[in-house]
Every structure is written in C-alpha cells, then in structure tokens.
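Sequences listed follow chains C and X, in order. To convert, note that position 260 of the first sequence is 260 in the working numbering; the numbers rise steadily by one, no gaps. To convert, note that position 53 of the second sequence is 1053 in the working numbering; the numbers rise steadily by one, no gaps. See structure below.
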Amino acid sequence: MTPVYLDNNATTRVEPSVVAAMLPFFTEQFGNASSIHAFGAEVGGALKTARRELQALLGAEHDHEIVYTAGGTESDSTAIFSALESLPDRTEIITSKVEHPAILAVCDHLEKTGRARIHRIGVDKAGRLDLDAYRAALSDKVALVTFMWANNETGTIFPVEGLAEMAKAVGALFHTDAVQAVGKVPIDMKSSVIDMLSLSGHKLHGPKGIGALYVRRGTRFKPLIRGGHQERGRRAGTENAPAIVGLGKAAALALQHMEEENTRVKALRDRLEAGIQQRIPNCFVNGDKDDRLPNTCNVAFEYVEGEAILLHLNRAGIAASSGSACTSGSLEPSHVLRAMDIPFTAAHGSIRFSFSRENTDQDVDRVLDVLPGILEKLRDLSPFWAGTNETPKAFKPVYA
Amino acid sequence: MWDYTDKVKDYFFNPKNAGALAEANAVGEVGAISCGDALKLMLKVVPETEIIEDARFQTFGCGSAIASSSALTELVIGKTLTEALEMTNQDIADFLGGLPPEKMHCSVMGYEALQAAIANYRGEEWHDDHEEGALLCKCFGVDEGMVERAVRMNKLTTIEQVTAFTKAGGGCLTCFDGLEACLAKVNAEMVAEGLLAEHEAYRLGGTSQAVVKQKAREMRGFVKAPEEPKPAPAAAPMISLDQIALVPPPSSAAPSASGGLTMLKKIRLVEETIEEMRPYLRQDGGDCELIDVDGNTVKVKLSGACVGCQMSSVTISGIQERLAVKIGLPFRVVPV
Ligand SMILES: Cc1ncc(COP(=O)(O)O)c(C=O)c1O
Ligand code: FES
C-alpha cells in the first residue's frame, strides 16, 4: 500500500531533481562562495543562478532584493526586528490573530519585554480579516504591519496588496509571511507595494532550513544576524550553498507548475471536499471558500476528536493533520480555529488535508474510501452522537 | 505523534465493550464535548452480589481517551463495587502499559466516571456536580474534589502535573491560586499522614505564576492570558448592579484613578458592552451576565454552553478585549 501524503502545508517531499541539483555542492563543489580561487568562483556562479530563479518566481525587479535565511521563521524574525530598529520613533506593530507562531511568538515577546505595542487584528468566522479593526489600529506610531499572505491551517488568503497600501499610507513598513503562498499563487513583486516577504524552501519541494526574505530595494533594513559581509551584509554567515541551489531549482519548478497547482491540484482538492461533504454528515469546511489556497482543505467533523481520526487515517496509510488540541500537546484547539470562533464541538474534530502536485486522483479515492467508515466508527463510540443520529440532516450550524 | 504503547493502540483501534448498555443500572458521565473529551460509563451491577456483570462505554476523545475508557471496562467487569472503588487511575494507565505524561488526564477521566457510576448506582450525589463554589477550574469544569483525588492518588507535587492529570489550569489560568492552594493543602495532609516526604511537598508560592502562565500560553498557541490582577484603584467602591439601579452614585465615585470615568459611568459602559455581546454568545448556546464591577475587576456569570469548558476562557478573553477596545481601560474579567 503506497502511502498517501496529504500534509503538504507541513512540509513537502524534496523533488528528486532538486536533490540531484544539490548533491555536487556537498562533494566536488564544496568551495566557499566568498573565496577568490576557482573552488569559490564555481559556487558563486551557482548561487547567482539560484538567486535569479527565485527572483523569477517572486517577480522581483532586482535579484539583490532577496536575502537568504535559514527558513521562514528566521525571515519573519528578521522582518519584525528590522522594522522596529529602522523606525525608532514608531513602537507599534499590527498583526493578526491567526499568524504562524513565527510571528505571534515574536510579537508576544516584544510586548512582554515592553519593546512594542501589539495590535492583533481578529478575523470573522470564515477567517477573513476585520478590516475596520485594522483601519482603526493604523497610525503614525505603527512601525510594521505584518499579515500572512495565506493561512497555513485553512488556506484563507488575505488581500495583502490592499492591506499593504493602507499601511504605506501611514508610513508603516509592510511585511507578509508568504511561506504558504509562494509557489501556490502567482506573485509579482514588481507591481506590488509590499516591502518585505518571507518564504521557506521546504514548502515548495525544496530543502528544509533554507528560506528567504524579500526586501524591496530602498527599504530601510537592519540585519538580525551580524558578522561577515554575505548577502550584502544583510545576513552574515557562509552561504548554505547546497540548500540555496536546491531552493533555486525548486523555485524554477514551482513557476513551471504554477498553472497545474491552480487547475489539476485545485480540482483534486475540490473533489475531496465535495466527496467528503456528500458522504459524511455533520461536517463543514473551515476558511474562506472563495479566497483560499488551491491546495488546502480544512474540514470540521462534529462529535469526533481530531487525533482519533488522524490515528485511523495513519493506519490506513494516509497522512493529514489536525487543529485538535490533543495532537499538539496543548489542551485547547488551534488558535486559528478559535480566532475564527469555530465552536469547540467542531474545532476539536478539524482535519487539514493539504495537497501538492505530487498527489493523484487515486489519493483522493483512497481518502474517500476510508474516511466515512472512520467517522462512522468514531461517532458510534461518541456519547454525543447517538442523540443526533436520527436527524443528521437537520443539523444547521449557525457558523458554517 | 504520541508515543502510545501497543496496548493503547490496540484498545483504540479495537475497543472492547464500546457502545450503549441497555440494561445498565449504574451510569457515570464526565467531561464535555467542548473540553475535548467526555466519557459515559454504563455498568450492569447484580444487586445481590454487587458484582459488575457487564460494562460499556461511549467516549468522545483522542486515542488515549478511547483506549483508557475501554481498559476501564475490562478492568471492572467481574469486580464487586467495593473492589472497583479501590481502583485508581494508575491501574488504568498500568493496564495499558503506561500513558504519555500529558495524557494522564485520560486515565483520571476513567477513574472519575467509575466513581460517578457507582455513586449513581447507590443513589448518592456524585460530588462532581459542580455546585456553587466547588468548581476550581472553570475552563475545564474541574472541581476541587477531583483535583484532591488526583493529587492524592498520584502523589502529584507540581502545578504542571495537576494540569497533566486533570486538565485544570490548561486554559486561562485564572484558577491558578485555587489550584495552588488545593495542591499545597493536600500535600500537607499527605505529609502528616506519612504518604509524602516533607521536602517533596508543594509549598504555596512554589511555582512562579508567570512561568506557568507563559508555558500555558505557548502551549495554547500564544493566546493572551488575562492580565495579572492589578490592585484595584484606591477606595474603588463595591457597587452591585441593583444598587446602581436604585440609588444615586455614592459620593466616593467621583472621577476615579482609572481614566477619569466615574464608577457609575464605568459600570454603565461595562454593562453596555456585555449586553452587546450577549446575542453572539447566545448564538453559540451560552450566555453571560454582569454580576459586579470592583475597581478594574469585572465579575460575570457564564451560563449555558459557556460553563465548565474552554469556551469560558475564550469568552472571558473576548469580553476583556471588547471592554479594552470600548472603554480604553484594562479590565480583568473573572467568572464567578
Ligand atoms: C505561515 C508559515 N510561516 C512560517 C513558517 C515557518 O517556516 P520554517 O519552517 O521554514 O521556519 C511556516 C511553516 O511551518 C508557515 O506555515
Ligand atoms: S484554566 Fe482553570 S479556569 Fe481557566
């Protein structure tokens, strides 16, 4: 039984051609790009090519607008600290309640240590940003606005371009965590007003531990990591050449497959979603159905607990993930679902299926084959199900 | 994922004694759907011998919750009620070859359900019915008795352990003081009874609340816990709502330290804000009523779906936030 991998928002398989592109940089081409000799020059050339490939994926005007980092988390931290340091007269940050911990934990820390005032903008039941609250929070005290491009749990897309324009109007810097968006939705930084953008290699079939921060030319910037002059002094440390080459290759492939992502992959997702809703009573889709990543499907199943579903799926060779409390070791369900006000009765049973271009129609069939049985089994065990059993059709959640 | 033993996995995938038991004459129900797990234990007790002839369960919860419930039924079948009452949650965990530490509350849930079922059989009131005052942790509906039993049975000596075994304190942590007092009290009793060495016992103030809070926040995905209780502004009068309706504001309610609002004005604003929120809470089957405003502390009574579960911590932080936005003052909202 071949495993079905539907957890691509957690991480993706490194594409074999990406691995092949990386390998020589562990062996023959081991040089340090900064060295003057032939060993270094070879690597330097490869890094340049890689940078161009990433530039193309982002539609960036200049290749030096890309600063390599050790991943999405470092890119996010760099953007936040850089903004606060570059605009010392401004001490406020605006972000949302549904960001990745790479943003939220930094903001919490800055708030706790008294270095910044944080506005955390809420979302509605579909995960859409509260624009009125955002507008009200904007002022000339705001150094940075940071909103994610697409949510990792629900796939909900924020209208970052418009949000960025609002931030620019008060002179704030605008950053977006686009870790989940890059490679899945077209991006063109040339025609954008976004100042900074984070991305991560391992979400687009590239290696882990490599990412980048796009910094628009002319944007005020202070490095997070100081030392050597790599990355024009914006991120010190000898370049992770194999990973950078891998990210470049992955970016080139992502650009090639962008259309497929939004047609074939999206169709797989839609078929799974429709199939689930057809076959399984008392479930609904979390997130903004109209403005969502093409690969993400997050479904809440009432009266069952997510971990129990995942354990059964895992036994059937299917990998997915859950916003349930039990899987994360916390006692409360995901902060994203709670910010969306998804009732606990359903938040505990929310499952995320995230596709990539490596998924097939058979994968969808496999899930649709086993999932109804799993739900039935678990609901039979559930003390809450018996009562609703007779009239599942009448179930009309106010929040769906 | 969790490091479950093969036995846990087996009892999860192939649960024994699952489903309703029509002839049950002893039923114990603990937990709630909003808390992430719930268990209904049904026993068939032979009246003459008090032997548990059959046991079934229905569980909403994660892998270890289902496995623990099933293990419990296996353990009690054939036992007399007296024997069953001697069982501890550790027996359930041992039967399964151990549970991950963070999942011990699943075994405690089983223990509690068994106690409740036997009380039900004997026509006694099970002391888990959350009567006024007994509820220690509102987020997870945990009463003092449950914490006491878990501490005693498992020799718990830290707040973190109490949370792992009972879930109490896993949410907003407004219950911290209560948990601490309860843990210290039971530990002291255990020392006196020779069950615990003096140096092992938990002492009041033995945990920095800030550290636990921070940890809880991290675990919960960085949701802000309510503000530390701020000392109420000097001489802030205690006014209850009916007083406001009937009598003019007391003279001491001249512009107070907090934001230049009179106490009465402040209460009115608080009242308005909460009224505005009620329709939303009702939509989700809950409700919230303003009980008192004391300085910057707002006391509310939660009811319906808001009670005894994590909904309350969300509701509480929601109200707190609305108040901060509408009135521009930091309030501490406390469920009473
Ligand atoms: C939205 C978002 N931001 C940031 C990250 C962190 O990226 P990395 O794992 O490369 O540090 C992730 C990945 O988990 C993510 O989904
Ligand atoms: S965690 Fe105990 S009352 Fe909220």
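Glycine residues also receive a C-beta, built at the ideal position from the N, C-alpha and C atoms. Note that this is a predicted model, so its numbers are computed, not measured.
key: Members of the stretch 1059-1086 of chain X that neighbour chain C once the beta carbon cut-off is set at 7 angstroms   = Thr1059, Phe1060, Gly1061, Cys1062, Gly1063 and Ile1066
key: Residue range of the unbroken beta strand (DSSP E) whose run includes His312 of chain C   = It is not in any beta strand (DSSP E) - His312 of chain C instead sits in the alpha helix (DSSP H) that spans Gly306 to Arg315.
Proximity winner among X:Arg1152, X:Val1186, X:Cys1062 and X:Tyr1011, relative to Ile309 of chain C (alpha-carbon distances) = X:Cys1062
task = Decide yes or no for the touch test of the stretch 257-271 of chain C against the stretch 345-364 of chain C: beta carbon pairs closer than 8 angstroms, at least 3 of them.
result = yes
message = Does the CB of Gly1141 of chain X have a neighbour CB from chain C at under 7 angstroms?
response = no
task = Flag Thr95 of chain C as yes if its beta-carbon sits less than 7 angstroms from any beta-carbon of chain X, otherwise no.
result = no
key: Contact shell at 6 angstroms, judged by CB to any heavy atom of ligand 4, ordered along the chain   = This structure does not include ligand 4; its bound ligands are ligand 1 and ligand 2.
message = Tell me whether Ser77 of chain C, by its Cβ, gets closer than 6 angstroms to a heavy atom of ligand 1.
response = no
query = From this set, X:Pro1100, X:Lys1044, X:Leu1156 and X:Ser1064, which residue's C-alpha is nearest Arg1122 of chain X's C-alpha?
reply = X:Lys1044
request  = With a 10 Å radius around its C-beta and 16 neighbouring C-beta atoms as the bar for buried, classify Gln278 of chain C as buried or exposed.
outcome  = exposed
ask   = Among C:Phe355, C:Ser334, C:Ala346 and C:Leu313, which has the Cα closest to the Cα of Val370 of chain C?
value = C:Leu313
DSSP three-state assignment for Ala137 of chain C, whether helix, strand or coil = helix
message = If you follow the alpha helix (DSSP H) that Ala56 of chain C is in, where does it begin and where does it stop?
response = Ala38 to Leu58
message = ligand 1 and Asp108 of chain C: does any heavy atom of the ligand fall closer than 6 angstroms to the residue's C-beta?
response = no
message = Any heavy atom of ligand 1 inside 6 angstroms of the beta-carbon of Asn152 of chain C?
response = yes
task = Report yes or no: do three or more beta-carbon pairs, one from the stretch 1003-1011 of chain X and one from the stretch 1026-1045 of chain X, lie closer than 8 angstroms?
result = no
message = Counting only C-beta atoms, is Thr345 of chain C closer than 7 angstroms to chain X at any point?
response = yes
ask   = At a Cβ threshold of 7 angstroms, is Ser382 of chain C touching chain X?
value = yes
query = Val1333 of chain X: which of X:Val1142, X:Phe1140, X:Ile1092 and X:Ile1319 sits nearest, CA to CA?
reply = X:Ile1319
inquiry  = Quick check on Ile194 of chain C: buried or exposed, where buried means 16 or more other Cβ atoms within 10 Å of its Cβ?
reply    = buried
query = What is the C-beta distance between Gly155 of chain C and Arg292 of chain C, in whole angstroms, given that I count them as a contact (C-beta under 8 angstroms)?
reply = 4 angstroms
ask   = What number of angstroms, rounded off, separates the C-alpha of Cys1172 of chain X from the C-alpha of Leu1135 of chain X?
value = 15 angstroms
message = Can you confirm whether Ala308 of chain C, when its beta carbon is compared against all beta carbons of chain X, has any partner nearer than 7 angstroms?
response = yes
key: Span of the beta strand (DSSP E) around Gln1058 of chain X   = Ile1051 to Phe1060
request  = Mind checking who Cys1137 of chain X pairs with in its DSSP beta bridge?
outcome  = X:Val1142
message = Does the CB of His119 of chain C have a neighbour CB from chain X at under 7 angstroms?
response = no
Under 7 angstroms between C-beta atoms of Val1191 of chain X and Leu1096 of chain X = no
ask   = Got a sec, what are the start and stop residues for the alpha helix (DSSP H) Gly248 of chain C sits in?
value = Ala241 to Glu260
request  = Measure the Cβ-Cβ separation of Leu1039 of chain X and Ser1069 of chain X and say whether it is below 7 angstroms.
outcome  = yes
ask   = Ala150 of chain C: buried (16+ other C-beta within 10 angstroms of its C-beta) or exposed?
value = buried
inquiry  = For a test of your reading of the model: does the CB of Gln420 of chain C fall under 6 angstroms from any non-hydrogen atom of ligand 1? Yes or no.
reply    = The structure shown does not extend to residue 420 of chain C, since chain C is modelled only from 1 to 400, so the question has no answer here.
7 angstroms CB neighbourhood of Thr1073 of chain X in its chain, flanking five on each side removed = Lys1016, Asn1017, Ala1055, Arg1056 and Phe1057
Residues bridged to Leu1039 of chain X (per DSSP) = X:Val1030 and X:Thr1059
ask   = Going along the chain, which residues of its own chain have a beta-carbon closer than 8 angstroms to the beta-carbon of Glu61 of chain C, five neighbours each way excluded?
value = Met189, Lys190 and Arg217
request  = Could you give the DSSP three-state label for Met340 of chain C: helix, strand or coil?
outcome  = coil
task = Under 8 angstroms by Cβ, that's how I've got Val367 of chain C and Ile318 of chain C pegged, so tell me the actual separation to the nearest angstrom.
result = 6 angstroms
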